[in-house]
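Peer 1: Residue numbers (mature numbering (1 follows the signal peptide of the UniProt record, and there is no 0)): -19 to -1, 1 to 450. Positions of the beta carbon are idealized from the N, C-alpha and C atoms, including for glycine. Following this message is one structure expressed as structure tokens.
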């Protein structure tokens, strides 16, 4: 496999990029027949049955993230580029146009033929992480369909048409995995085996909506930093599909499909921290990642969307740390929202659910516990959790365009609490909403969406996914 995007793949993109014009009716011309172009091959067969799953029981042959010579302990904070504010934005053209109807500026706009490959270590490692994500989604969607019966899905409110949509989303992952494999080249990561915590359809759906949340946000966090603008274009066309998947799983999960005005982007190490625990085993020669695995963070009173009233959520109503997926088996039938008599309180799958009682609210006390560093996680237990931060002092809330801090209080060992902040992105848009990210830090460092990874040296534990809405 070449280390650039395959010609067949490019042909597929260009050949199908434009719809054919409508045929004109004639009375004497022979009937035309369409000749199908050969379809580019995919890198994975479409799995229809369960694959190997379960925890890893062997011994790792290597441990730790991929690394070589490290030049500094962290990336220094620098002032803005001197030219960042010099453009005169008055609505007039400031420079000669390179061609008719074409304003000056932009990246990759000078007519150079695009090459769809990775162009730096940052590119390679970012695309490799994204491919790990696509592989688990391909397996996960198939596995859920194979694990639960049609009757179990029907009891959870999902029809045959809904199940086919999950099947189609799995098929989409075949294309995504093929695309990223072609961009990376011969050393691209391959599919592994996985270990999932869910035991019911409802838990499976919640697991999917949370996994696709950090899969989507993890790409937004690095997309605009890629050296390969050509490959970034194709990855954008992939991740916008993932955004639709996340919305659909929220609908299946019985929660409002899109409760925010903007979608947050998070650093690669945050996404890898959330993803790695569910990867059980990979081939011995699998491409390794350079990203950090932070200690896991649990939200002890994570709002449970399976409840009529999430304010009644008890302690440890989740089935895992990090993602903090709901536990549907601990909710008594009389307190469950599925098939509730009041349609404004039920959580059945719907196009939209605007529940009367919110899942969370400003001023809510949120309780945490976290792991200490040094635990083996990820493929073959070959990555080790680590942190360079001091004692935890703050809770970082990452949602939409905001990074907000609240004090971490009542700290005792590896437990503590905070109060959910009352902040808005803009008037009418509460910032703490949707499926969002919380992290424990030792410093309330000011960061913005474009440089959020600057906070990584100060992360004590996390991220955890908080079900704010």
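Count the CB pairs spanning the stretch 361 to 370 and the stretch 390 to 404 that are closer than 8 Å, and state whether there are at least three.
Peer 2: The stretch 361 to 370, when compared against the stretch 390 to 404, does not touch it at the 8 Å Cβ threshold.
Peer 1: So, for residue 340: in the same chain, excluding its five sequence neighbours on each side, which residues have a beta-carbon less than 7 Å away from its beta-carbon?
Peer 2: Excluding positions up to five away in sequence, the list reads 284, 286, 291, 448, 449, 450.
Peer 1: State the start and end residues of the unbroken alpha helix (DSSP H) segment that holds residue 91.
Peer 2: Taken as a continuous stretch (DSSP letters only), residue 91 belongs to no alpha helix (DSSP H), as it is neither H nor E.
Peer 1: Assign residue 454 to one of three DSSP states: helix, strand, or coil.
Peer 2: Residue 454 lies beyond the stretch modelled for the chain, which goes from -19 to 450, so this question has no answer here.
Peer 1: What's the call for residue 96, buried or exposed, on a 16-neighbour Cβ count within 10 Å?
Peer 2: Exposed, by the Cβ-count rule.
Peer 1: Identify which residue in 313, 392, 147, 70 has its Cα closest to the Cα of residue 347.
Peer 2: Comparing Cα positions, the closest option is 392.
Peer 1: Tell whether a beta-carbon distance below 7 Å holds between residue 367 and residue 354.
Peer 2: Yes; because the gap between Cβ atoms is below 7 Å, this pair is in contact.
Peer 1: Excluding the five sequence neighbours on either side, which residues of its own chain have a C-beta within less than 6 Å of the C-beta of residue 438, listed in chain order?
Peer 2: The answer, listed in chain order, is 55, 369.
Peer 1: Nearest to residue 288 by CA position, among 315, 274, 305, is which residue?
Peer 2: If we check each option's Cα against that of residue 288, 315 comes out closest.
Peer 1: Would DSSP call residue 75 helix, strand or coil?
Peer 2: Three-state DSSP puts residue 75 in coil, outside helix and strand.
Peer 1: Can you give me the start and stop residues for the beta strand (DSSP E) that residue 262 sits inside?
Peer 2: First-last of the beta strand (DSSP E) with residue 262: 260 to 262.
Peer 1: Between the C-alpha atoms of residue 180 and residue 310, what's the straight-line distance to the nearest angstrom?
Peer 2: Their backbone Cα atoms lie some 9 Å apart in a straight line.
Peer 1: Out of 349, 381, 423, 277, state which residue places its alpha-carbon closest to the alpha-carbon of residue 297.
Peer 2: When only C-alpha atoms are compared, the closest one is 349.
Peer 1: When burial is assigned at 16 or more other CB atoms within 10 Å of the CB, is residue 407 buried or exposed?
Peer 2: Per the 10 Å Cβ criterion, exposed.
Peer 1: Do residue 428 and residue 440 have their C-beta atoms closer together than 7 Å?
Peer 2: No; because the gap between Cβ atoms is not below 7 Å, this pair is not in contact.
Peer 1: Thinking residue 24 and residue 162 are a contact (beta carbons under 8 Å), I'd like their distance in whole angstroms, please.
Peer 2: At roughly 5 Å, the Cβ-Cβ gap stays under 8 Å, so residue 24 and residue 162 are in contact.
Peer 1: Could you tell me which residues DSSP pairs with residue 383 in its beta bridges?
Peer 2: DSSP output for residue 383 lists 380 as bridge partner(s).
Peer 1: Pair every Cβ in the stretch 115 to 131 with every Cβ in the stretch 228 to 235, then say whether three or more of these pairs are closer than 8 Å.
Peer 2: No: fewer than three Cβ pairs fall under 8 Å.
Peer 1: Name the DSSP beta bridge partners of residue 155, please?
Peer 2: For residue 155, which the question treats as bridged, DSSP gives no partner whatsoever.
Peer 1: CB-CB under 6 Å to residue 122, same chain, minus the five flanking residues each way: which ones, in chain order?
Peer 2: 147, 150, 151.
Peer 1: Do you know how far the Cα of residue 142 is from the Cα of residue 225?
Peer 2: Approximately 17 Å, taken between the alpha carbons.
Peer 1: Would you list the one or two residues that DSSP bridges to residue 34?
Peer 2: DSSP, once it has assigned bridges, lists 175 as partnering residue 34.
Peer 1: If residue 452 sits next to residue 382, beta carbons under 8 Å apart, how far is it from one beta carbon to the other, in whole angstroms?
Peer 2: Residue 452 lies beyond the stretch modelled for the chain, which goes from -19 to 450, so this question has no answer here.
Peer 1: Which term fits residue 254, buried or exposed, when burial requires 16 or more other beta carbons within 10 angstroms of its beta carbon?
Peer 2: With 16 or more Cβ atoms within 10 Å of its Cβ, residue 254 is classed as buried.
Peer 1: For the candidate residues 189, 275, 204, 282, whose alpha-carbon lies nearest to that of residue 456?
Peer 2: This structure does not reach residue 456, given that the chain is present from -19 up to 450, and the question cannot be answered.
Peer 1: Near residue 262, which residues of its chain fall below 7 Å by C-beta distance, leaving aside the five closest residues on each side in sequence?
Peer 2: Excluding residues within five positions, the ones whose Cβ falls inside 7 Å are 37, 173, 174, 360, 361.
Peer 1: Helix, strand or coil: how does DSSP classify residue 283 here?
Peer 2: Three-state result, residue 283: coil.
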